[in-house]
Amino acid sequence: MESSSGSVLWFTGLSGSGKTTTAVQVYRRLQEAGRPAELLDGDAVRTTLGRGLGFSREDRLENIRRIAFVANLLSKHGITVLVSAITPYREMRDYLREHVSGYTEIYVNCSLEQCEARDVKGLYAKARRQEIPLFTGISDVYEEPEQADIVIDTQHHPVEANAQRILEWLCSNRYKEAADWAVQPCVAAGQELLNADNASSREARPR
Numbered sequence: 001m002e003s004s005s006g007s008v009l010w011f012t013g014l015s016g017s018g019k020t021t022t023a024v025q026v027y028r029r030l031q032e033a034g035r036p037a038e039l040l041d042g043d044a045v046r047t048t049l050g051r052g053l054g055f056s057r058e059d060r061l062e063n064i065r066r067i068a069f070v071a072n073l074l075s076k077h078g079i080t081v082l083v084s085a086i087t088p089y090r091e092m093r094d095y096l097r098e099h100v101s102g103y104t105e106i107y108v109n110c111s112l113e114q115c116e117a118r119d120v121k122g123l124y125a126k127a128r129r130q131e132i133p134l135f136t137g138i139s140d141v142y143e144e145p146e147q148a149d150i151v152i153d154t155q156h157h158p159v160e161a162n163a164q165r166i167l168e169w170l171c172s173n174r175y176k177e178a179a180d181w182a183v184q185p186c187v188a189a190g191q192e193l194l195n196a197d198n199a200s201s202r203e204a205r206p207r
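Just so it is clear: in the sequence shown, position 65 is 65 by full-length UniProt numbering, and no numbers are missing.
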């Protein structure tokens, strides 16, 4: 693939782990910093680019290849692309690391039990009743990443803290040029908000 001046932040994790929620938070912060960004949600993309594909292993791989193609086109023009997709197999992520310029793997870690508890659509319940075949985490495997660039914990840390960590990583590892450091004030502002929230939480605790 051609080299790119953009980055592709690929959020992988179980359904309900908080991939899209975190990606949206980072996307908004990048926009506030004036940095070009685009968000590709796996569920939304599947209804367009992935139309006609099922959930077999090969169809899932093809869906990821199609998303990767679009992400590369965007990042080639200096756009930070945020992709939220389960991407359950290591084979998929190995393909992305090899073929996607500026690929940054973000593992959104959350226990299966917590993901099920968050599931307002009842998809996990349907999967356990075998009403949905090949459902990741129930009747199909999710192979945990072994070399993720960033690991966030959405079960124990709030979305703001996880977004902050991703932005700080970007500043240290991707946004090296002077023009890119426009995102730094956004990072600093986010840290101030986190510090204020933490202080409020400490004051509210019983003593």
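Each residue gets a CB set at the ideal place from its N, CA and C atoms; glycine is no exception.
Distance CB(residue i)-CB(residue j) smaller than 8 Å
{"i": "Thr12", "j": "Arg93", "result": "yes"}
{"i": "Glu62", "j": "Leu74", "result": "no"}
{"i": "Ser7", "j": "Thr104", "result": "yes"}
{"i": "Ala68", "j": "His99", "result": "yes"}
{"i": "Val83", "j": "Asn109", "result": "no"}
{"i": "Ile106", "j": "Asp149", "result": "yes"}
Exposed unless 16 or more other CB atoms sit within 10 angstroms - verdict on residue i
{"i": "Trp181", "result": "Confidence at Trp181 is low in this model, with a pLDDT of 45, below 50, so the placement of that residue is unreliable and no value is reported for it."}
{"i": "Ala44", "result": "exposed"}
{"i": "Ala179", "result": "A caution first: Ala179 carries a pLDDT of 45, below 50, which makes its placement in the model unreliable, though a value can still be read off. Answer is exposed; the Cβ neighbour count stays below 16."}
{"i": "Gly50", "result": "buried"}
{"i": "Val141", "result": "exposed"}
{"i": "Glu146", "result": "exposed"}
{"i": "Thr22", "result": "buried"}
Endpoints, the alpha helix (DSSP H) within which residue i is located
{"i": "Gln164", "result": "Val159 to Asn173"}
Option in the options with minimal Cα separation from residue i
{"i": "Val120", "options": "Leu9, Ser15 and Trp10", "result": "Ser15"}
{"i": "Leu112", "options": "Pro36, Ser101, Val159 and Arg128", "result": "Arg128"}
{"i": "Ile166", "options": "Thr80, Val70, Phe135 and Pro145", "result": "Thr80"}
{"i": "Asn173", "options": "Glu144, Pro158 and Gly102", "result": "Gly102"}
{"i": "Val159", "options": "Trp10, Leu9 and Thr20", "result": "Thr20"}
{"i": "Leu96", "options": "Trp169, Gly78, Glu143 and Ala71", "result": "Ala71"}
Original post:
Residue ranges of each beta strand (DSSP E) run of no fewer than 3 residues wholly in the UniProt domain "APS kinase" (6-153), ordered along the chain?
Top reply: Counting only runs of 3 or more, we get 8-12, 37-41, 80-84, 103-109 and 150-153.
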